[in-house]
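Q: One structure coming up, written as structure tokens, with questions to follow.
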Amino acid sequence: MRVSQSNFNLYEEFFQSELGKKFVNLLMVNGKKNMAKKILLICLFLIKSSEKNDPIIILKNAIDNVTPGVDVRTIIIKRTKFQIPIPLKEKKRISMGIKWIIESSKKKKKKAPIYFKLVEEILAANSKQGVSFKKKKNIHYLANSNRAFAHYRWF
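Here our numbering is used: position 89 in the sequence shown is 90, and no number is missing along the way.
Encoded structure:
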């Protein structure tokens, strides 16, 4: 799929925002930022063609659905391992959500370009389904079952 400079101008605000920069930087491989921008732009166009809503709103909603509220860390106290739930800051939450979407789209077994897999995962996360959303649910379940050990947290 070809991408022209005029197509970049449609979503220039998004690419200049903090969320857009973060997504592009996490999608980038081997320092090829321009390629990562093109992949994200193609994803936005594919979302626009398949859905009625604005693709940026769909992407933000998908990231919000996948971002975890807490994380589980393992610490050792008196030779016993405890998994302790730790609340996350906003930047870390968004970063983890984007990473999970990208990882789960890369792990798909389909023989298709990355932007098709990424669109599929974004749409699944938007509708609260998919691998990345399941990962969030599993972490929240772990944190909820280990909340009795929260008093061991000192950091």
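All C-beta atoms, glycine included, are put in the ideal place defined by N, C-alpha and C.
So, under 8 Å CB-CB, GLY21 and ILE64 are touching, yes? Tell me the CB distance rounded to an integer number of Å.
A: The pair is not a contact, with the Cβ atoms about 11 Å apart (cut-off 8 Å).
Q: Assign GLY70 to one of two classes, buried (16 or more other C-beta atoms within 10 Å of its C-beta) or exposed (fewer than that).
A: GLY70 is exposed by the Cβ-count criterion.
Q: Going along the chain, which residues of its own chain have a beta-carbon closer than 8 Å to the beta-carbon of ALA151, five neighbours each way excluded?
A: For ALA151, where only same-chain residues beyond five positions count, the Cβ hits under 8 Å are ILE85 and PRO86.
Q: Quick one: what does DSSP say PRO114 is sitting in, helix, strand or coil?
A: Note: PRO114 maps to coil in three-state DSSP.
Q: Using 10 angstroms around the beta-carbon of PRO56, count the other beta-carbons present and answer buried if the total reaches 16, otherwise exposed.
A: Burial call: buried.
Q: Can you name, in chain order, every residue of its own chain whose Cβ lies under 8 Å from the Cβ of LEU89, other than the five neighbours on each side?
A: So the list reads PRO69, GLY70, VAL71, ASP72 and MET97, once near-sequence residues are dropped.
Q: Quick check on the burial criterion: 16 or more other C-beta atoms within 10 angstroms. Buried or exposed for ALA144?
A: So ALA144 counts as buried.
Q: Please identify the residue among LYS61, THR75 and LEU11 whose C-alpha is closest to the C-alpha of GLU19.
A: Ranking LYS61, THR75 and LEU11 by Cα distance to GLU19 puts LYS61 first.
Q: Around the C-beta of ILE58, are 16 or more other C-beta atoms found within 10 angstroms, so that it is buried, or is it exposed?
A: So ILE58 counts as exposed.
Q: Tell whether a beta-carbon distance below 7 Å holds between GLU122 and ILE102.
A: In this structure, ILE102 lies closer than 7 Å to GLU122 by Cβ.
Q: Less than 7 Å between the C-beta atoms of ILE40 and VAL120, yes or no?
A: No, they are not a contact pair.
Q: Pick helix, strand or coil for ARG74, following the three-state DSSP scheme.
A: ARG74: strand per DSSP, three-state reduction.
Q: Give the secondary structure of LYS33 by DSSP, where H, G and I count as helix, E and B as strand, and everything else as coil.
A: Three-state DSSP puts LYS33 in coil, outside helix and strand.
Q: Go ahead and label TYR142 buried or exposed: buried means 16 or more other beta carbons lie within 10 angstroms of its beta carbon, across all protein chains shown.
A: So TYR142 ends up on the exposed side.
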